[in-house]
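One structure below.
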Amino acid sequence: MSEIKVYTTASCPWCTKIKNYLTEKGLDYQEIDVGEDSDSVEEMIALTGQRNVPVTVIDGEVIVGFDRKALEEQLK
Amino acid sequence: MYDLIIIGAGPAGMTAGVYGARKGLTPLVISEDIGGQANWTKNVENYMGFTDIGGSELMNRFKEHMDAQRLIYEECRAREVRRGQSGIGFIVQCDNGKEYQSRALIVATGKRPRMLNVPGEAEFRGKGVSYCATCDGPLFRNSSTAVIGGGNSGVQAAYDLLRLGADVHLITNENITADQALVEKISGHPKLHIYEWHQVRRINGHKMVEGITISGMAGDGDAAGKVISEATGDATAGTTWDAFRDATEINLPVEGVFIEVGLEPNSQILKRIAQLDLNEDREIKVDCQCRTGIDGLFAAGDVTDVFGKQIIIAAGEGAKAALAASEYLSYNGV
């Protein structure tokens, strides 16, 4: 089972899309709301070198934005 | 072959789907997402029947409505449209490698954010430059930010950022044109600095955005220059001065730059359709029945030249396009 983290903000529709995608696949994930926690913003920037959400980390591999192909590839 | 394909699943596309299905057609809806631009609107307060609803939530309601009609939905990005063999119908090529063919086609592909096209914009995209204040605004809580654009989207972004405790420099190359009700929400806020008749020269930084350089719209005829800025040496944010307008560059230290300078239509997928009529803004010209002038090709919503880029208008246009497509198919024996 893959270890999945999703960096989100509460009002971001693409974040909702990723969460729905993972839920439909029956996958567990850890959600980090970077809008509520400035430490996690810094963590996300250090990890990705950028400052947009959503960010999905699957077994250490980073995917910025909702990229269905990249998600499917990483979840194979 | 489908009788009807609808490209786009925003308010126009989804409404077209529902109306098409209720006319007994079996429409295929092709879209890379559900809701389109409407998703980016935090609060919709002018869609009848809802005094206040999130744009994304409203689009979920549309999707439920579409699902209730058992529409066929293909989640992919339409890359290109071309005429079918012998000029009959249309072939839609998607980024999933598949092609779909139909007798009639409704294009409801909406618009996408327009870029500012200044130095630093591409370099710092995602590194402080954002086109979605709804998404990325919360990452700039209590930070210094700039919002570029004085229309409804720009003022709404400024309002959202102010609520997050951010300092907001609102910059527009004309007067603020947002609805009065929206302007009143931000007016006089102590953390708001408004620069009307100013343009962005460049976005500065190293690894991330560190600031922007702006200047007045010098030589711009009789445009009434107004500015609220520390640069005046009279740093009373939330107040408006007259007649500060020259080409002197002003550097503003900001971490976030939210670009809200309008939208451009996603009409490029029709570039292989000969004789399609676009207006000077590259919107698809349609008549009162959403006909494009190409046999069997209809268009609806913000991608067209119809007046008023509003969810409620797009939905109505989608309904009209589906009714017109149904009539067209019926007339042609489908």
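Residue numbers (this note's numbering), protein chains in the order written: chain A, 2 to 77; chain B, -3 to 330. Every residue, glycine too, gets a C-beta built ideally from N, C-alpha and C. Remember, predicted model here, so these are calculated numbers, not experimental data.
Between B:V114 and B:V196, the beta carbon gap of about 5 Å places them in contact (Cβ cut-off 8 Å).
B:A142 and B:I199 have their C-alpha atoms spaced approximately 10 Å apart. For B:P261, the CB contacts under 6 Å within the same chain, skipping 5 residues up- and downstream, are K107, R278, E279 and V299 in chain order. If you look at A:T57, you'll find it isn't in any alpha helix (DSSP H); it sits in the beta strand (DSSP E) that goes V56 to I59.
One alpha carbon belongs to B:A12, the other to B:E206, and they sit about 45 Å apart.
Within its own chain, the residues whose Cβ lies closer than 6 Å to the Cβ of B:K181, once the five positions on either side in sequence are excluded, are Y155, listed in chain order. Taking a C-beta cut-off of 8 Å against chain A, the contacting residues of the segment 125 to 137 of chain B are S126, C128, T130, C131, D132, G133, P134, L135 and R137, listed in chain order. Remark: C-beta atoms of B:P7 and B:G16 do not approach each other more closely than 8 Å. Judged by DSSP secondary structure, A:Y8 falls within the beta strand (DSSP E) whose first and last residues are I5 to T9. Proximity to B:I246 across B:H165, B:Q81, B:L21 and B:G292 peaks at B:H165, based on C-alpha coordinates. Rounded to whole angstroms, the gap between the alpha carbons of A:V58 and A:G36 is 18 Å. Around the beta-carbon of B:Q33, 16 or more other beta-carbon atoms lie within 10 Å, marking it buried. At a C-beta separation below 8 Å, B:K123 has these neighbours in chain A: G50, Q51 and R52.
When only Cα atoms are considered, B:E117 and A:I46 end up about 18 Å apart. The criterion of a C-beta distance shorter than 8 Å is not satisfied by B:G201 and B:A243. B:S140 is bridged by DSSP to B:D163. Taken through DSSP and simplified to helix, strand or coil, A:D40 comes out as helix. Pairing B:Y127 with B:Y(-2) gives a Cβ-Cβ distance that is not under 8 Å. Residues are counted here when their Cβ sits less than 9 Å from a Cβ of chain A; for the segment 24 to 52 of chain B these are E28, D29, I30, G31, N35, W36, K38, G50, G51 and S52, given in chain order. As DSSP reads the structure, B:H194 sits in a beta bridge with B:G212. Between the segment 7 to 16 of chain A and the segment 129 to 142 of chain B there are three or more C-beta pairs closer than 8 Å, enough to call the two in contact.
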